[in-house]
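Since the structure comes first, as structure tokens, the remarks are kept for the end.
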Amino acid sequence: MKLFKRPLPGADAFSTAQTSGHGIDRREFLRRSGLSAGGVALAGAVPLSMMKKVDATAAPTSAQPTGELKRVKSVCTHCSVGCGVIAEVQNGVWIGQEPAFDHPFNLGAHCAKGASVREHGHGEKRLKYPMKLVDGKWQRIGWNQAIDELGDKLAAIREQYGPDSVYWLGSSKHNNEQAYLLRKFAALWGSNNIDHQARICHSTTVAGVANTWGFGAMTNSYNDIHNAKAIFIIGGNPAEAHPVSMQHIFRAKERGAPLIVVDPRFTRTAAHADLHIRIRPGTDVPFIWGLLWHVVQNGWEDKTFIEQRVFGMDDVRKEVAKWNPAEVERVTGVPEELAHKAARIMAQNRPGTFIWCMGGTQHTVGNNNTRAYCIFQLALGNMGVEGGGTNVFRGHDNVQGATDVGPNAESLPAYYGLSEDAWRHWAKVWGIDFDWLAGRFDQSEYGAGKTVKPMFNNGIPVSRWVDGVLETNENISQRNPLKAMVFWGHAPNSQVRGPEMKAAMEKLDVLAVIDPYPTVTAVMHDRKDNVYLLPACTQFETYGSLTSSNRSIQWRSQIIEPLFESRPDHTIMYQFARKFGFEKELTKNIEVENDTPLIEDILREINRGAWAAGYTGQSPERLKAHQENWHTFHTTNLKGQGGPCDGEYYGLPWPCWGTPEMKHPGSHILYDTSKTIAEGGSPFRARFGTEYQGQSLLAKGSFSKGSEIQDGYPEFSADLLKKLNWWNDLTAAEKAQAEGKNWKTDPSGGIIRVAIQHGCAPYGNAKARCIVWNFPDPVPIHREPLYTPRRDLVQQYPTYEDRKRFWRLPTRYASIQQQDFSNDFPLIMTSGRLVEYEGGGDETRSNPWLAELQQEMFVEINPRDANNAGVRHGEQVWVAGPEGGRIRVMAFVTERVRPGVVFMPFHFGGHYEGRDLRAKYPEGAAPYVLGESCNLVFTYGYDSVTAMQETKVSLCRIEPDLISERASGRV
């Protein structure tokens, strides 16, 4: 049987049975993988049975492992749900896995990826020892040689071209402590050219949500969806991307909540929807405004909530008035009947939750989309309540934590920004002289018009590193272009403009990969030398904390010792820091043993500095107690029910205010005024001042339970405490440290403690704002994608003008959109996830149990478009893009996509424009499944605020592969 993906419920019969002979059957796959010794080998080889025999255990034999069987609690390393894993370890070997039935997030459930995580640790495709490329051949080297050689080359580049010429690309797969340490490492190196995967998945969420009400994160939790009376999902496919999250969605459906799914495709999630609405890709804002048009017309707004807690809704109403049903249908393709029905469902079933993922974020107007989603929830009063909120399903297991405390190009840990005050705050936390630290950076100033030193300027985002290499000196706001890239746990095939990326890789002086797997970075280019592969161990071979999408911080225990010659990421960071001469500054407050910084000490340092995000109350001891007692937490409200963690929320979701000694329970639901601040409640954050154009930004008659200030108020500072006569509530020691500080910079935590003592939120009590006056579009508006087939809409809804200096680089908008590509490239293309694979796919395509499930990269194409292009289901086709990229993939003919739209997954790599690159991997390290990266075809386009790449809407053309046709006898 051909191993195609199963058709979705309701999908057309045409998409199921036709085969082309390009795949391999189960027996052949197992033979090639070295997994089969006979017809029943698969069943016998699986080492992680999820079921236990009921018969008595046989006496030990020489063929059976002996020794104590340990059960180690950990957390899955794939998506952001944060499923508990119980590993069975005997004699240091990970031999099996049990379901964590008592874990409050997954309740024993796993998706295919979670059920096979043991293979991630024990995988044979791992990068086993350091290697370098010499005359086009991979050579094994030792760790000392690797650190010395690569370190010398990077140091020489820094000396000749400046510290900004080396890019330290971090990872959402690092634990919190490693992510934090790498951001600190980059600061000591002297550059803000550091970033990670959040840039290309949810940076527009962080910017849009944080600039609406204060924090850029999921406001409620997966578990709280149980309480929703309606569920609205747009640009997300959790049934494949976050499968275990669906059990929480189903819980709400079982209680009667209707499910609305807005997606151009008929996805596995849409198959469960009460209402599935297909919108034209790139039209989220007009669609949401179309829903609000019906809300306003019918008077369905929560007028009291808006008056008390929302600023600028009148300006939104003016924009919404333009989006009558006829215009919404003209632009989005959604008829009035469906838009009205969706609006009515949400209005009549409150509280409702609003869920989105990368389908909404990866656009040139991504920040407009996320703000529109937030405004919709504000209009209905669905914020700060159980069952409501904006529930952002993030991607990698620790993309939330890495964003919070780790390698961001525009921020220091905990969103402190890059101002001098922010740098001084962290320099004090690190125990480092500020002037010494500032001296590590390039001292020149760059920019057009207003110039700024690199220390105080955003670095180049990972979405634009290619241009950081290829741009000329006069067009880049730093001394020189990038000369070296260090890919530290990042898959390049997850980024757009593949051909230009290949050219950038080849232009670099040095290219390095630090990863458990070699990744596509090892083979995409045609370099002959100066490429290094360093084996980092997996997260199962180390330990530390991670932050799941709901803001809960979980402790992940070490399951096995590092395998092969792999080393923990923070060990490698320390060894490079020693090579560069700043290891003492890196670990001044951190114990180091055998070149490995102590994870607990790193977390304690985070606790001492991350006041702004509320990462201060989650000490190692408290997190370990939560892990040990995860069975004691309620599976809906996540609150401890007796036991050592009674009254605390699982994982102490941030903000967990004050010092660990304050025992704050964490904040399960953000902006919930029905609870006291001490119990985890909070108002909207006073982050944007106290007034705008003469109007107050503070809440009006709304305040948290128990607040002594029964109205809005600004964020707390030493001066405000004095005005309120609360200064003397501080101890003498606290006064000495808090003098002249605010709640974010007071190292004692005293200002926070006293504010909470009086029932107030340290960050103030303000209105959420619908107008973000510091963004290009203060009120979200529709702008046509750069590559659009709707030329009739470009003049009315144009994109932005080109920009000369945006994240240090020139950025194109109008100059692309003004060109009409739609005749030669008539199909809209979009991309997304599969349940079997994750991210760039290197580790999951290297897992035999997952690789068997999906062996071909494919493009979903509607039967009408397939017939017009002369292609058939199962045949190989070429997908060509307007910027010159071409990929050869399998045609999956299906009505999942409408005519005019095609879909491709982004997890594949190892082929390049029809060429198989398997031979270029180090021996034995190529994944079981290779394929073309869809991002070789995806095109230019970056969000106007965060530089998020646009991967959810572009144009392409499908062409038959003549060689494939000849082989089949059709030509």
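Residue numbers are given in numbering that gives the first Met the number 0: position 403 of the sequence shown equals residue 402, and the series is strictly consecutive.
Backbone N, C-alpha and C fix where the C-beta goes; we use that ideal spot for every residue, glycine too.
As the structure is a prediction and not an experimental result, all values here were calculated from the model.
Just reading off the beta strand (DSSP E) that residue i is part of, what are its end residues?
| i | result |
| --- | --- |
| Pro561 | From DSSP, Pro561 is part of no beta strand (DSSP E); its letter is neither H nor E. |
| Ile85 | Gly83 to Gln89 |
| Ala483 | Ala483 to Trp487 |
| Tyr166 | Val165 to Leu168 |
| Asp942 | Run containing Asp942: none; DSSP gives neither H nor E here. |
With H, G and I counted as helix, E and B as strand and the rest as coil, what does DSSP make of residue i?
| i | result |
| --- | --- |
| Asp420 | helix |
| Glu67 | coil |
| Thr360 | helix |
| Gly711 | coil |
| Pro959 | strand |
| Thr810 | strand |
| Phe304 | helix |
| Leu258 | strand |
| Lys131 | strand |
| Pro350 | coil |
| Tyr372 | helix |
| Ile676 | helix |
| Leu34 | Only weak support is given to the placement of Leu34: the predicted model assigns it a pLDDT of 40, under 50, and the question is left unresolved by the model. |
| Gln144 | helix |
| Val465 | helix |
| Lys152 | helix |
| Tyr414 | helix |
| Val391 | strand |
| Tyr691 | strand |
| Cys933 | helix |
Which residues mark the beginning and the end of the alpha helix (DSSP H) in which residue i is found?
| i | result |
| --- | --- |
| Gln617 | Run containing Gln617: none; DSSP gives neither H nor E here. |
| Ser202 | Ser202 to Trp212 |
| Ser814 | Ala813 to Gln816 |
| Glu328 | Pro324 to Thr331 |
| Arg267 | Element bounds for Arg267: n/a, residue is neither H nor E. |
| Met750 | Note that residue 750 corresponds to Ile in the displayed sequence, not to Met. Gly749 to Gln756 is the extent of the alpha helix (DSSP H) around Ile750. |
| Glu584 | Glu582 to Leu585 |
| Ala295 | Before going on, a small fix: residue 295 reads as Val here, not Ala. From DSSP, the alpha helix (DSSP H) with Val295 extends over Asp283 to Gln296. |
Residue i: buried (16+ other C-beta within 10 angstroms of its C-beta) or exposed?
| i | result |
| --- | --- |
| Thr950 | buried |
| Gln144 | exposed |
| Gly37 | Note that Gly37 scores a pLDDT of 30, beneath 50, so its modelled location is shaky; the value from the coordinates is reported in the next line. Exposed. |
| Arg956 | buried |
| Asp823 | exposed |
| Trp188 | buried |
| Ile231 | Strictly speaking, residue 231 in this sequence is Phe, with Ile absent from that position. Looking at its Cβ environment, which holds 16 or more other Cβ atoms inside 10 Å, Phe231 is buried. |
| Glu385 | buried |
| Phe375 | buried |
| Phe702 | buried |
| Trp772 | exposed |
| Trp435 | exposed |
| Thr450 | exposed |
| Leu29 | At Leu29 the pLDDT is 42, less than 50, meaning the model places this residue with poor confidence and gives no usable figure here. |
Closer than 7 Å by C-beta to residue i: which residues in its own chain qualify, once you throw out the five before and the five after it? Chain order, please.
| i | result |
| --- | --- |
| Asp163 | Ser190, Asn192, Asp441, Pro453, Gln477 and Arg478 |
Who are the Cβ neighbours of residue i in its own chain at under 6 Å, not counting the five residues just before and after it?
| i | result |
| --- | --- |
| Ala40 | With a pLDDT of 28 at Ala40, under the threshold of 50, the modelled position of that residue is not reliable, and the figure given next carries that caveat. Excluding sequence neighbours, Ala40 sits near nothing in its chain. |
| Cys655 | Gly613, Gly616, Gln617, His663 and Gly665 |
| Thr331 | Ile278, Arg279, Thr282, Pro285 and Phe286 |
| Glu882 | Thr938 |
| Leu377 | Val309 and Ala767 |
| Trp554 | Ser544, Leu622, Lys623 and Gln626 |
| Met856 | Val888, Phe907, Gly930 and Glu931 |
| Pro619 | Glu599 and Leu602 |
| Asn210 | Val771 |
| Pro988 | Within the shown structure, residues of the chain are numbered from 0 to 970, placing residue 988 beyond reach of any answer. |
I want to check one thing, is the minimum distance from the CB of residue i to the heavy atoms of the ligand HEM below 7 Å?
| i | result |
| --- | --- |
| Tyr542 | In terms of ligand content, the structure shown is empty, and the ligand HEM therefore cannot be addressed. |
Report all residues from its chain with a CB closer than 8 Å to the CB of residue i; omit the five preceding and five following residues, and keep chain order.
| i | result |
| --- | --- |
| Met245 | Pro237, Ala238, Thr268 and His271 |
| Ala483 | Lys152, Leu153, Ile156, Ser164, Val165, Tyr166, Leu507, Asp508, Val509, Leu510 and Ala511 |
| Arg914 | none |
*Go through the segment 844 to 928 residue by residue and report every complete run of the beta strand (DSSP E) that reaches 3 residues or more, in order.*
857 to 860, 875 to 879, 885 to 892, 900 to 904 and 909 to 911
*Sequence ranges, alpha helix (DSSP H) only - wholly within the segment 177 to 251, length at least 4*: 202 to 212 and 237 to 240
_Ignoring anything shorter than 3 residues, give me the beta strand (DSSP E) runs that lie fully in the segment 90 to 121, in order along the chain._
92 to 98
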